[in-house]
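For reference, the structure is listed below as structure tokens.
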Amino acid sequence: MEAAALAGLHAALRDAGYRVIGPTVRDGAIVLGELGSADDLPFGWGVSLQPGGYRIRRRDDNAAFGHSAGPQSWKHFLHPPREKVWSARRTAGGFEVEPADEPAPRMAFFGVRPCDLSAIKIQDQVLGRGQHAGSRYAARRSGVFIVAVNCTEPGETCFCSSMGTGPGAGPGYDLALTEMTGDGAHQFLVEVGSPAGADVLAGVPTRPAGEAATRRARSAVAEAAGRMGRSVPAGILHDLMAASSDAARWDDVAARCLTCGNCTMACPTCFCTTVEDTTDLSGDHAERWQLWDSCFDLDFSYLHGGPVRSSPRSRYRQWLTHKLGTWHDQFGSSGCVGCGRCIVWCPVGIDLTEEVAALEAEALRTLRDAAQQRGTGEEES
Ligand code: SF4
Ligand code: SF4
Numbered sequence: 075m076e077a078a079a080l081a082g083l084h085a086a087l088r089d090a091g092y093r094v095i096g097p098t099v100r101d102g103a104i105v106l107g108e109l110g111s112a113d114d115l116p117f118g119w120g121v122s123l124q125p126g127g128y129r130i131r132r133r134d135d136n137a138a139f140g141h142s143a144g145p146q147s148w149k150h151f152l153h154p155p156r157e158k159v160w161s162a163r164r165t166a167g168g169f170e171v172e173p174a175d176e177p178a179p180r181m182a183f184f185g186v187r188p189c190d191l192s193a194i195k196i197q198d199q200v201l202g203r204g205q206h207a208g209s210r211y212a213a214r215r216s217g218v219f220i221v222a223v224n225c226t227e228p229g230e231t232c233f234c235s236s237m238g239t240g241p242g243a244g245p246g247y248d249l250a251l252t253e254m255t256g257d258g259a260h261q262f263l264v265e266v267g268s269p270a271g272a273d274v275l276a277g278v279p280t281r282p283a284g285e286a287a288t289r290r291a292r293s294a295v296a297e298a299a300g301r302m303g304r305s306v307p308a309g310i311l312h313d314l315m316a317a318s319s320d321a322a323r324w325d326d327v328a329a330r331c332l333t334c335g336n337c338t339m340a341c342p343t344c345f346c347t348t349v350e351d352t353t354d355l356s357g358d359h360a361e362r363w364q365l366w367d368s369c370f371d372l373d374f375s376y377l378h379g380g381p382v383r384s385s386p387r388s389r390y391r392q393w394l395t396h397k398l399g400t401w402h403d404q405f406g407s408s409g410c411v412g413c414g415r416c417i418v419w420c421p422v423g424i425d426l427t428e429e430v431a432a433l434e435a436e437a438l439r440t441l442r443d444a445a446q447q448r449g450t451g452e453e454e455s
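Residues 75 to 455, numbered by our numbering, are exactly what the sequence shown covers, in order.
Take a look at the structure:
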């Protein structure tokens, strides 16, 4: 597909009744918002990322998706930061409760990164199925059309490759694009992932991809895997977290962590919420709202008389060990997809990958010391 046909793809989605959401430049960042047309995509913009730092920058080409994760993720649309659960009004005989049954909009997510596609699947597991399934989440999710974009431009803080969630998109998309710029051409390899994807694509000017273009697209994605800014030893994370409950490193990170909760707000898989009940001054009308909450908040673990996790050490440990460890026990996967947002949007630049490396080094030291002590004990006996 030629880049000019992005306009046709956007129009086909609109014609199919979708509200099209995608990346766009606003307030000095690439954010997710409704796209009035394909021209709203961030053509020619990239990002520079570092722990605690984010800047958009001009690219030397006109790529539409030449940027990595921004401050928001798709959870803003599937699991909104604030939503009404019900309202109640006083009646002559008591009160009446009205559920907040707003019809879910049909949304097309235009430009979902592979790591974020994995994050959506994790939220499906947590919020769409099983014990904690939410009907509002399920209603929104069921109408979503996904245009994934394979990653050819990993950021300095990305580590999806080591988490097995990128840079190529796994199943779950309706259409997947791979962007190719250079040599004067700006084209996309398009892959169809569902009958709905095929229907939408039928209305867009495309031609069969030749072998050379397919190879070029595949190698751009494979090269991206080798250019990830960071990595983690994914295979040992569950056991490392379990073995690290008493690690001294928690004190080190607690001395830097502001417990602001930014990492949980930016994370595409964090799902915790609280509820807030309000009444108007007359007492005739009440509402219950669901709001995002964070395990970094003192109130989060408040139980009759005080918070269970009162120290920053205990709160950071809870967040990391749940994300990388006990999430596996609870939901059958890691809670982290390696998008790097928590690193970028932490105001003091705490880097999850650095914390994991420090915990791993400490665990090895502890094992070595124990082995040495055993050796000394055996010699003495
Ligand atoms: S923990 Fe950090 S890197 Fe992992 S998914 Fe959440 S924001 Fe992304
Ligand atoms: S790790 Fe960073 S973003 Fe997360 S709570 Fe601590 S200071 Fe805030």
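All C-beta atoms, glycine included, are put in the ideal place defined by N, C-alpha and C.
Which of helix, strand or coil does DSSP assign to residue i?
| i | result |
| --- | --- |
| Leu251 | strand |
| Asp457 | Outside the shown range of the chain, which is 75 to 455, sits residue 457, and nothing can be said about it. |
| His378 | coil |
| Ile424 | coil |
| Ala243 | coil |
| Pro279 | coil |
| Asp443 | helix |
| Thr352 | strand |
| Val105 | strand |
| Ala90 | coil |
| Val411 | coil |
| His260 | coil |
| Trp419 | coil |
| Thr474 | What is shown of the chain runs 75 to 455, which leaves residue 474 out entirely. |
Between the beta-carbon of residue i and the beta-carbon of residue j, is there less than 9 Å?
| i | j | result |
| --- | --- | --- |
| Cys344 | Tyr390 | no |
| Val264 | Ala283 | yes |
| Gly120 | Asp114 | no |
| Ile196 | Val186 | no |
| Gln364 | Glu157 | yes |
| His153 | Leu109 | no |
| Ala182 | Ile220 | yes |
| Gly412 | Val295 | no |
| Asp373 | Thr347 | no |
| Val159 | Pro179 | no |
| Asp325 | Arg387 | yes |
Roughly how many whole angstroms lie between the Cα atoms of residue i and residue j?
| i | j | result |
| --- | --- | --- |
| Pro381 | Thr333 | 14 Å |
| Val328 | Arg133 | This sequence places Ala at residue 328; Val is not what is there. The straight-line gap from Cα to Cα measures roughly 38 Å. |
| Cys369 | Pro269 | 40 Å |
| Arg214 | Gly244 | 21 Å |
| Ala112 | Ala81 | 5 Å |
| Ser216 | Gly242 | 23 Å |
| Glu453 | Arg304 | 43 Å |
| Val274 | Tyr92 | 11 Å |
| Ser161 | Val94 | 30 Å |
| Leu311 | Glu436 | 14 Å |
| Phe169 | Ala207 | 28 Å |
| Arg100 | Arg442 | 51 Å |
What is the C-beta distance between residue i and residue j, in whole angstroms, given that I count them as a contact (C-beta under 8 Å)?
| i | j | result |
| --- | --- | --- |
| Cys337 | Trp401 | That pair is no contact at about 15 Å. |
| Cys341 | Cys234 | Between Cys234 and Cys341 the Cβ distance is about 14 Å, and since that is not below 8 Å, they are no contact. |
| Thr231 | Gln124 | 7 Å |
| Phe139 | Val223 | 5 Å |
> Whole alpha helix (DSSP H) runs in the region 195 to 238 with 4 or more residues, listed along the chain?
Replying inline: 209 to 216 and 234 to 237
>> So within the region 113 to 199, which uninterrupted alpha helix (DSSP H) runs reach at least 4 residues, ignoring any that extend past its ends?
In response: 149 to 152 and 188 to 197
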